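K.L.:
So the sequence shown is numbered by my numbering: it starts at 236 and just counts up by one. We put the beta carbon where it would ideally sit given N, CA and C, even for glycine. Note that the structure is a prediction, hence the values are computed from the model and not measured. One structure coming up, written as structure tokens, with questions to follow.
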Amino acid sequence: MGRAMRSRGLAVLLLGLALLLGPALALSVPAASAAEICDAGAALTPVGLDTADGRVLLAVPPLGNRGDGWLVEVAPGAESARAWRDPAAQLRGRFGGSVGPGPVLALRPCGDSCLQPVRWQAGAWKPLGEPLPLPAVSTAGLTYDLTGAPWIVIHRAAEKDGQVRAWAFRLEGREWMAKGTLTVSAVGDLQAVPAPQRKDGVLSGTGLFSASGPPETWVTGLPTLPPAKQGQLIALGGGFAGYLSADGAIYLSGDTGKTWRRSTWTPWGAGTTGIWRQGSDFWVDLPLGDRQGRMQLAWFDRRVPSAEKLVLSRLNHDGTWVQLASAGSEVTTKNDRLPLSHLLVPEPDVWLLLSGCAATADGSFLVVRTYRNGALGNARLVPLRPAS
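Shown next as structure tokens:
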């Protein structure tokens, strides 16, 4: 993850993919626009995910770091991805993309002590509600509750290690209504997610904010770990909770955090975490995307360093783990190896494995694999089509 991809000849890359993955790939790739959008050296960045319809919004930097970048929208199974010009000024000023059941949200500075929420609609960022009169903030999480209402949770560092102060706002009409403040911990990479406990609420780490009640802490406690190993909390519904530590250890609770146990399950057998070295022989990663009452993990198996394997897994509500699929972590062509760049879950039980961008004589393509309906498909080239 995050390793630089190497660029190769245009026609050679397309031919190599076709030879490795079968002639169906070459036949299934329609001619794209000749517009150059990205190549194998492009660092793609997920802006946000709409988990209601499975759409992923990606930011693509300008080629050669000159001119404007692009915003690309792709969905699992789509035959192509649409691309819009992203002016450099917007690229620098936008932050806080949302993950949740609704169109992608973001924030744009509108002056000193002012943030304007915006929503991605029909290829453009449109203001959503009135500006928020807030001073400079450390971070912001945006999402939707299960009624479809947008939320913004602002975070600032608190006094104690591992804790932050959170302020929550819910859009009601055109006004962002304050829903309280709370000191929270174990926030993690998704700073706000829909709450499985209440349809009108969202979670931020240990904090529950809702339209129907005051803020509250929804777990009794967390695993006792030193500061360097503290991680993120995941609500699983029905009193169940998961916790992923900073060093990749998994802890589970069936009583809303009163007691915790460390999971010893791995895709190659339970109880083997003491045999294989976590962090070197294997490590785990949370995909970015849907987490509505479930824990889904990707395992990177490096017990054979020359043949790294990726395993997708899911924790069921009864506490049992299921191995969903297994494959090499890289897309290998005749002349190149394209490492996995992003693991995305744009909708429940659907994974999108992104291995960056490929430039060919016919245009630019995303290199993707999709897990859906219980199977992981072969790598595909998804053409990027500039929007008119």
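(1) Starting from the C-beta of Thr605, find all residues in its chain whose C-beta is less than 8 Å away, skip the five residues before and the five after it, and write them out in chain order.
(2) Quick check on DSSP: helix, strand or coil for Ser623?
(3) When you compare only the Cα positions, how much space is there between Ala560 and Asp520?
(4) With a threshold of 6 Å on Cβ separation, who are the neighbours of Pro458 within its own chain once the five nearest residues in sequence on each side are excluded?
(5) Can you have a look at Met530 and say buried or exposed, based on whether 16 or more other CB atoms are within 10 angstroms of its CB?
(6) Ordered along the chain, which non-local residues of its own chain (more than five positions away) have a Cβ less than 6 Å from that of Cys273?
(7) With DSSP run on the structure shown, which of helix, strand or coil describes Leu406?
(8) Among Glu271, Leu279, Gly304 and Ala316, which one has its Cα closest to the Cα of Gly289?
(9) Ala560 lies in the beta strand (DSSP E); which residues open and close that run?
(10) Taking Pro344 as part of the beta strand (DSSP E), name the residues at either end of that continuous run.
(11) I'd like to confirm the pairing. Which residues does DSSP put opposite Gly524 in its beta bridges?
(12) Exposed or buried, what is Gly357 when buried is set at 16 or more other beta-carbons lying within 10 Å of its beta-carbon?
(13) Does Gly598 come out as helix, strand or coil in the three-state DSSP assignment?
(14) Below 8 Å on the Cβ atoms is my guess for Gly456 versus Lys493; work out the distance and round it to an integer in Å.
(15) Have a look at the DSSP bridge pairing and note the partners of Trp503.
(16) In the DSSP output, which residue or residues are listed as bridge partners for Glu451?
(17) Would you decide whether Thr501 is buried or exposed? Buried here means 16 or more other CB atoms lie within 10 Å of its CB.
(18) Does the segment 434 to 441 come close enough to the segment 337 to 353 that 3 or more CB-CB pairs lie under 8 Å?
(19) Kindly indicate which three-state DSSP category Ala246 falls into: helix, strand or coil?
(20) Could you spell out the range, first to last residue, of the beta strand (DSSP E) harbouring Thr378?
(21) For Ala481, tell me which candidate among Val422, Arg354 and Thr491 has the shortest Cα-Cα distance.
(22) Mind reading off the beta-carbon distance from Leu601 to Ala318? Whole number of angstroms is fine, and I expect it under 8 Å.
(23) Less than 8 Å separating the beta-carbons of Pro368 and Arg354?
(24) In whole angstroms, give me the CA-to-CA distance for Cys349 and Pro366.
(25) Can you tell which of Trp503, Gly514, Gln527 and Leu523 has its C-alpha closest to the C-alpha of Arg433?
(26) Using a Cβ-Cβ cutoff of less than 6 Å, which residues in the same chain neighbour Gly609 once the five nearest sequence positions on both sides are dropped?
(27) Do we get a CB-CB distance below 8 Å when we pair Trp453 with the residues of chain C?
(28) Ignore the nearest five residues each way along the sequence and tell me which others in Arg320's own chain have a CB closer than 6 Å to its CB.
(29) Quick one: residues in its chain with C-beta nearer than 8 Å to the C-beta of Pro462, no 5 flanking neighbours on either side, listed in chain order?
(30) Can you tell me where the beta strand (DSSP E) with Ala421 in it begins and where it stops?
(31) By the three-class DSSP mapping on this structure, what secondary structure does Ser515 have?
(32) Keeping to the same chain, check which residues put their C-beta closer than 7 Å to that of Gly473; ignore five residues upstream and five downstream.
(33) State the Cα-Cα distance for the pair Trp518 and Phe535, rounded to the nearest angstrom.
(34) Using C-beta distances below 7 Å, list every residue in its chain close to Val539, excluding the 5 sequence neighbours before and after it, in chain order.
(35) Run through DSSP, which three-state label would Gly257 get?
P.N.:
By the coordinates alone:
(1) Residue mapping note: residue 605 aligns to position 370 of the sequence shown, counting from 1. For Thr605, same chain residues with a beta-carbon under 8 Å away, outside a window of 5 residues either side, are Pro311, Gly312, Val585, Trp586, Leu587, Leu588, Leu611, Gly612 and Arg615 in chain order.
(2) Your numbering for residue 623 matches position 388 in the sequence shown. Three-state result, Ser623: coil.
(3) Start at 1 with the first residue of the sequence shown, and residue 560 comes out as number 325. Start at 1 with the first residue of the sequence shown, and residue 520 comes out as number 285. One C-alpha to the other measures close to 15 Å.
(4) Your numbering for residue 458 matches position 223 in the sequence shown. Tyr478, Tyr486 and Trp495, listed in sequence order.
(5) On the sequence shown, position 295 is the one that residue 530 refers to. Label assigned to Met530: buried.
(6) As a working note, residue 273 is residue 38 in the sequence shown. The answer, listed in chain order, is Val295, Cys592 and Ser599.
(7) One-based indexing of the sequence shown puts residue 406 at position 171. Three-state DSSP puts Leu406 in a strand.
(8) Start at 1 with the first residue of the sequence shown, and residue 289 comes out as number 54. The shortest C-alpha separation from Gly289 is found at Ala316.
(9) Within the sequence shown, residue 560 is the residue found at index 325, counting from 1. From DSSP, the beta strand (DSSP E) with Ala560 extends over Trp556 to Gly563.
(10) Looking up residue 344 in the sequence shown gives position 109. Leu340 to Pro344 is the extent of the beta strand (DSSP E) around Pro344.
(11) Taking the sequence shown and counting its residues from 1, the one referred to as residue 524 is at position 289. Note: Gly524 sits in a beta bridge opposite Val580.
(12) Translated into the one-based positions of the sequence shown, residue 357 becomes position 122. Reading off the sequence, residue 357 comes out as Ala, not Gly. Label assigned to Ala357: exposed.
(13) Within the sequence shown, residue 598 is the residue found at index 363, counting from 1. Gly598: strand per DSSP, three-state reduction.
(14) Numbered from 1 along the sequence shown, position 221 holds the residue referred to as residue 456. Numbered from 1 along the sequence shown, position 258 holds the residue referred to as residue 493. Their Cβ separation, rounded to whole angstroms, is 7 Å, which keeps Gly456 and Lys493 in contact under 8 Å.
(15) Stepping through the sequence shown from its first residue, residue 503 is reached at position 268. Its beta-bridge partners do not exist; DSSP assigns none.
(16) For the purposes of this step, residue 451 is identified with residue 216 of the sequence shown, where counting begins at 1. Paired residue(s): Leu443.
(17) Here residue 501 refers to the residue found at position 266 of the sequence shown. Buried, since its Cβ has 16 or more Cβ neighbours within 10 Å.
(18) The segment 434 to 441 and the segment 337 to 353 do not touch, with fewer than three beta-carbon pairs separated by less than 8 Å.
(19) Walking along the sequence shown from the start, residue 246 turns up at place 11. The predicted model places Ala246 with a pLDDT of 28, which falls under 50 and marks its position as unreliable, so this point remains unresolved.
(20) Residue mapping note: residue 378 aligns to position 143 of the sequence shown, counting from 1. Here the beta strand (DSSP E) through Thr378 covers Thr374 to Tyr379.
(21) As a working note, residue 481 is residue 246 in the sequence shown. Among Val422, Arg354 and Thr491, the Cα nearest to that of Ala481 is on Val422.
(22) For this step, residue 601 is matched to residue 366 along the sequence shown. For this step, residue 318 is matched to residue 83 along the sequence shown. Not really, about 10 Å apart at Cβ, beyond 8 Å.
(23) Residue mapping note: residue 368 aligns to position 133 of the sequence shown, counting from 1. Residue mapping note: residue 354 aligns to position 119 of the sequence shown, counting from 1. Not closer than 8 Å, so no.
(24) For the purposes of this step, residue 349 is taken as the residue at position 114 of the sequence shown. For the purposes of this step, residue 366 is taken as the residue at position 131 of the sequence shown. Taking the straight line from one Cα to the other gives about 7 Å.
(25) Taking the sequence shown and counting its residues from 1, one reaches residue 433 at position 198. Looking at the Cα atoms, Gln527 is the closest of the given residues.
(26) The residue given as residue 609 occupies position 374 in the sequence shown. So the list is empty, once near-sequence residues are dropped.
(27) Considering every chain present, this structure includes no chain C. It has just one protein chain.
(28) Here residue 320 corresponds to residue number 85 of the sequence shown, with the count starting at 1. If we look at Arg320 and ignore the five residues flanking it on each side, its Cβ neighbours are Asp303.
(29) Here the question's residue 462 lines up with position 227 in the sequence shown. So the list reads Asp396 and Gly397, once near-sequence residues are dropped.
(30) For the purposes of this step, residue 421 is taken as the residue at position 186 of the sequence shown. Counting along the chain, Ala421 sits inside no beta strand (DSSP E), nor does DSSP assign it H or E at all.
(31) As a first step, residue 515 must be located in the sequence shown, where it is residue number 280. Three-state DSSP puts Ser515 in coil, outside helix and strand.
(32) Looking up residue 473 in the sequence shown gives position 238. Correct list, in chain order: His552.
(33) The sequence position of residue 518 within the sequence shown is 283, counting from 1. The sequence position of residue 535 within the sequence shown is 300, counting from 1. Looking at the two C-alpha atoms, the distance is approximately 5 Å.
(34) Locating residue 539 in the sequence shown gives position 304, counting from the first residue. There are no such residues.
(35) Residue mapping note: residue 257 aligns to position 22 of the sequence shown, counting from 1. Below a pLDDT of 50, predicted positions are generally treated as unreliable, and Gly257, at 33, falls in that range; the measurement from the model is reported next regardless. Three-state result, Gly257: coil.
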